[in-house]
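Numbered per my numbering, the sequence shown spans residues 3 to 377.
Think of the CB as a built atom: it goes at the ideal place given N, C-alpha and C, for glycine as much as any other residue.
Read through the structure below, which is laid out as structure tokens, and then see the notes.
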Amino acid sequence: MRIALIAETFTPAVNGVVNSVIQVADNLARRGHEPVVVAPSGASYRSRSGLPVPVIRVPSVTLPGYRQVQVARPALDLVPIMEKIAPDVVHLASPALLGSAAVRAANELELPTVAIYQTDLAAFARRYHVLLSGPLVWAHLRRIHNAADLTLVPSGASADQLARQGIGPLARWARGVDTRRFHPDQREELWRRRTSGGRLLVGFVGRLAPEKQVHRLASVSRLAGVQLVVVGDGPRRHSLQRLMPDAIFTGQLVGDDLGRVMASLDLLVHPGTDETFCQVVQEALSAGVPVIAAAAGGPLDLVHDGSNGLLWRGGDTRELAALVQGMCQDRDRLAQLAFHARPSVVRRTWERVTQELVDHYASVADTRRSVTRAS
């Protein structure tokens, strides 16, 4: 099967959409399929298994307020590119500008489409003060997703959110996790000793951008007996460093370096409330690290309160600090949460979820062929 993967952002950017597209492309190639990435940045590369993955660049502009990210120019005509690729199915990764052009082209060419809902664009526009209201953003997303044959959502909260907005048909498709890279065996005791000074190592991992709401960790950074480690980079890094001078900022880490630091934490805290899934929570759990996350969006499907982590209401940062302080004072409870962390996600491998994705591809392709024959 030949699959056109339409990526709103791609390398060298580092975010959940990019990571998901790379994992999907790699696993599709390993299974004998032919993925082709269409994106505003990046270059053709070889997958982790050594197989080639072509990348077709489209004209792009810099995302306002986030210079590290390139996005497609509006109103592109992708029909010539789609005709050149001749895909069996079109995969729209978190569609917005490029996804809108891709679904128009796919429908003109009668190609089956699967849209992946991965980014809460309405919340994103609000936090970046983009001059678009929530209803206008949702109207745009409704046009894209309802023009696709199927929209895949990563969590129950996302399914409810899209259904309320009149988007469908919907099916669940969770993200996979690299259970080898994010594994308790990656824990580095020497790094822990040098970094913690005997304190509880509490980490945040992600983009240092408004939508991640990292500023909510200021009260955690001041707790006695706690060392906050902030892993990532982005437009808010300097302001966050001023706000949390006692925190350790590692900068952006990827690959095995990220796996080692993740496994070396005692606790991951994710304060954001706009996550459709929250891959970093799943990676922490796979590494055997319990999580405290806001009781909203995707983390509700991943964090089982009192089992592999804790949920907080997402508004009162004093409550968040109290939960972290409680883990610092009750190491036995923390150990129990850690014991249940990896088993809660270990079966969510990329190999398994890629097969689920291929099944969705086949379903929409069969339905499209049946409709075409009937007409």
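Straight across, the Cα-Cα distance linking G52 with R32 is about 9 Å. The DSSP-derived three-state label of Y119 is coil. The beta strand (DSSP E) runs of length 3 or more contained entirely in the region 177–212 are, from start to end of the chain, 202–207. Excluding the 5 residues flanking it on each side, R4 has same chain C-beta neighbours closer than 6 Å at E36, P89, D90, in chain order.
For S62, the CB contacts under 7 Å within the same chain, skipping 5 residues up- and downstream, are P42, S43, Q72, V73, A74, R75 in chain order. Under the DSSP definition of a beta bridge, Y47 partners with V55. Secondary structure of T64 (DSSP, three-state): strand.
Residue range 319–331 is occupied by the alpha helix (DSSP H) that includes Q331. In the displayed model, T13 falls within coil according to three-state DSSP, outside both helix and strand. Rounded to whole angstroms, T252 and V116 show a C-alpha spacing of 37 Å. Straight-line measurement puts the Cα of L225 at about 33 Å from the Cα of R177. The three-state secondary structure of H306, taken from DSSP, is coil. V256 counts as exposed, since fewer than 16 other beta carbons sit within 10 angstroms of its beta carbon. The region 257–276 makes no contact with the region 150–170; the number of CB pairs closer than 8 Å stays below 3. Burial of L339 is indicated by the presence of at least 16 other C-beta atoms within 10 angstroms of its C-beta. In the structure shown, A95 adopts extended strand secondary structure according to DSSP, grouped into three states.
Under the three-state reduction of DSSP output, V71 falls in the strand class.
Under the criterion of beta carbons closer than 8 Å, L260 and V204 do not qualify as touching, at roughly 16 Å. Around the CB of H240, fewer than 16 other CB atoms lie within 10 Å, so the residue is classed as exposed. In the structure shown, R218 falls within a helical segment according to DSSP collapsed to helix, strand and coil.
With respect to the 8 Å criterion, M329 and L322 are not classified as neighbours on the basis of their beta carbons. The shortest C-alpha to C-alpha distance from S96 to any of L111, T197, S346, V20 is the one to V20.
Counted as a single uninterrupted DSSP element, the stretch harbouring V256 is not any beta strand (DSSP E), since DSSP gives it neither H nor E. Relative to R320, the option among S221, Q163, L78 whose CA is nearest is S221. From the listed residues Q327, V293, P247, the smallest Cα separation to V347 is found for V293.
Burial state of K86 is exposed, judged by a 10 Å Cβ sphere holding fewer than 16 other Cβ atoms. Classified as buried, S288 has 16 or more neighbouring CB atoms from the shown chains inside 10 Å of its CB. For G227, the CB contacts under 7 Å within the same chain, skipping 5 residues up- and downstream, are R201, L202, C330 in chain order.
Out of L230, Q215, P247, V38, the CA that lies nearest to the CA of G236 is found in Q215.
In this structure, Q120 sits away from F12, with a CB-CB distance that is not shorter than 8 Å.
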